[in-house]
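Asker: Residue numbers (our numbering): 479 to 698.
We put the beta carbon where it would ideally sit given N, CA and C, even for glycine.
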Ligand code: HEM
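1. Suppose you measure from the CA of residue 486 to the CA of residue 504; what does that come to, to the nearest Å?
2. Helix, strand or coil for residue 618? Go by DSSP, reduced to three states.
3. Could you give the residue range of the alpha helix (DSSP H) that holds residue 547?
4. Along the chain, where does the alpha helix (DSSP H) containing residue 518 start, and where does it finish?
5. Taking only three categories from DSSP, how would you classify residue 504?
6. Compute every distance between the C-beta of residue 593 and the non-hydrogen atoms of ligand 1, then say whether any falls below 7 Å.
7. Using the rule of at least 16 other Cβ atoms within 10 Å of the residue's Cβ for burial, across every protein chain shown, is residue 493 buried or exposed?
8. When you compare only the Cα positions, how much space is there between residue 686 and residue 497?
9. Assuming contact is defined by CB atoms lying nearer than 8 Å, are residue 558 and residue 536 in contact in what I supplied?
10. Kindly indicate the opening and closing residues of the alpha helix (DSSP H) around residue 642.
11. Have a look at 682, 584, 620, 616 and flag the residue whose alpha-carbon is nearest the alpha-carbon of residue 658.
12. With distances taken Cα to Cα, identify the nearest neighbour of residue 654 among 663, 628, 694, 667.
Below, the structure is given as structure tokens:
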């Protein structure tokens, strides 16, 4: 088989042209820059995933090693300062971007029929993004992280009736300990990312299936 035959051979079996046309070659209404924020959120999530995987190579999630692994990454690992910097500021930028994306959807009323489920998966995405920020903040295991999480988990624990239960689930006991660190690490690198990937899958499936809304008052 020569080179020119490879693509048609694969295309016939995998339907690559159909996938390309459905996902990328879609008709979109005339929109503006506010409509780029969903894609910007997606880009930031991918950056967080890549830099997070790189950090996980050197970060040690144990109470006696976590604190020291941060200066090690910053000073001794090649470009560790850059990777941690991108991950640190990327987290804040992602929260801001996702939030402004939500405001765009709200003020353009793009949550209305038939996009209600896109909105609901979006709300869950926002909560999961905040969950990533909350669990990631503890990982440096310094004074700021320890006390911020003490305060944060106390606030969650003040829910009437089930507050004590929530507090114990979050801390893995009555006080913050190595158990809390292990729990937050698992949530930060497994539970929330898995949830976010699944939610983005549904979110984007719906964006492609339904098509993007148009600017109110234009194209209609
Ligand atoms: C990690 C978080 C998120 C990612 C990666 C994401 C991604 C996207 C992308 C790529 C689009 C299409 C382009 C655009 O309109 O910007 C979109 C549209 C949409 N998103 Fe999100 N999104 C996220 C969070 C949210 C949140 C928090 C909400 C609302 C609570 C939301 C609700 C919607 C809705 C309703 C649409 C359809 C908008 C339309 O058709 O005009 N999304 N999202």
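Answerer: Short version:
1. 22 Å
2. coil
3. 544–553
4. 515–536
5. coil
6. yes
7. exposed
8. 11 Å
9. yes
10. 641–649
11. 616
12. 628
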